[in-house]
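Here's the structure we're looking at; comments come further down.
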Amino acid sequence: MLRSALLAVTSVAVGTILPAQDCIDTVQPSVTILSKEMLDAPDCLFTVRFCLRKTDGDADFIDYTVIHSYGAIVRTVGVANVPPGTVICQDFTFVAECDAHASFLAEARRQDTTLCGTVYAFASLPLRLLFFRGEVLDEGKVFLQWQTAREENVSHFEVLEGFDGKQFSSAARVEAKGKGDVPSTYHHIWSLPDDAVASEVFFRLKMIDRDGKHGYSQLLHLDLGEGPGLTAYPVPASQQLCISSPRTFYSAATAVDLLGRTTPLTSSDDNCYDIRMLSSGFYRLQLGHRSIPFWVR
124 MLRSALLAVT SVAVGTILPA QDCIDTVQPS VTILSKEMLD APDCLFTVRF CLRKTDGDAD
184 FIDYTVIHSY GAIVRTVGVA NVPPGTVICQ DFTFVAECDA HASFLAEARR QDTTLCGTVY
244 AFASLPLRLL FFRGEVLDEG KVFLQWQTAR EENVSHFEVL EGFDGKQFSS AARVEAKGKG
304 DVPSTYHHIW SLPDDAVASE VFFRLKMIDR DGKHGYSQLL HLDLGEGPGL TAYPVPASQQ
364 LCISSPRTFY SAATAVDLLG RTTPLTSSDD NCYDIRMLSS GFYRLQLGHR SIPFWVR
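Each position in the sequence shown, counted from 1, maps to that position plus 123 in our numbering.
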């Protein structure tokens, strides 16, 4: 019943649809979507702020009810010590269908529990993103593609890259086409940075509206593979060890002996490392996710 009533709302704008009463009043904007993140289809994670103004000292507490496509949130907040004229905001986080609506009800009551004011608002919750996917190409390149369903207020997209699934940095900015309800498709060819050594990469798509609000796509994880074969020379080595590679490595390297003991190595030149502190024997050179065997004389 709650879901049927919710989906009957046809407007796509955030707004207030009932007048205020006595001890609380509406503010603009009454509902603000703080964040929206795509989970497994068709679900999204939303955080929405609902604000109102206390207009009379009689309001002792406020009962909140938020109805979304998968259920309801009920919360009671005491406001007896809040001065009249204060704007009161509450944040609600919930999982709902990505292209749905949510309704927000606030009922202010006096100490004797009698109703003294009501504010009702609703919000459209579309994420607009239909898919975000990638295909690994040769030479550490990835073809990224995504499609939106509508772009009434989209400013641009930011492609975020990361190598551990936790920390991300900006890799590219792509301007939105702004075609309204017409589906739009985008692509970007990403290349592994010259100073990175990785066999896997993570992407997220940040979607930024003209008003500064933003949302995120689900996480995209791709295996880059081992890429071009790497070898260490000279064989055996004594003073320094160099790497044959089509790209330059600036990241730190580690020598690992047969017992698993590690020795950090410093770069003496491009793709070369000082190994004078190593005793004779067999080692593995650890460069990020890659491991190269070598022999010290």
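The C-beta atom is built at its ideal place from N, Cα and C for all residues, glycine as well.
- Taking the CA atoms as reference points, I331 sits about 11 Å from K159.
- Across the structure, S307 and E323 are spaced so that their CA atoms are roughly 28 Å apart.
- Excluding the 5 residues flanking it on each side, Y396 has same chain C-beta neighbours closer than 6 Å at L364, A376, L388 and S390, in chain order.
- Proximity of the stretch 232-241 to the stretch 163-183 meets the contact definition, three or more beta-carbon pairs being nearer than 8 Å.
- F245 is positioned such that its CB atom lies closer than 8 Å to that of S226.
- Distance from the CA atom of W313 to the CA atom of T209, rounded to whole angstroms, is 49 Å.
- In the three-state reduction of the DSSP assignment, T389 falls in the coil class, being assigned neither a helical nor a strand state.
- Close CB contacts of G301 within its chain, under the 6 Å cut and outside five residues either way in sequence, are with E274 (chain order).
- The alpha-carbon of T354 is positioned some 27 Å away from that of H344.
- In this structure, DSSP gives I398 a state outside helix and strand, which the three-state scheme calls coil.
- Beta-bridge annotation (DSSP): Q234 is not paired with any residue.
- DSSP places S340 outside any beta strand (DSSP E), giving it a letter other than H or E.
- D346 and A195 have their C-alpha atoms roughly 40 Å apart.
- Minimum Cα-Cα distance from R233 among the listed residues Q213, A223, C221 and N204 corresponds to N204.
- Contact check for V171 against I156 passes: the beta carbons are separated by less than 8 Å.
- Put simply, of F291, P316 and K329 the residue whose alpha carbon is nearest the alpha carbon of A299 is K329.
- Residue burial annotation: M161 is buried, with at least 16 other C-beta atoms found within 10 angstroms of its C-beta.
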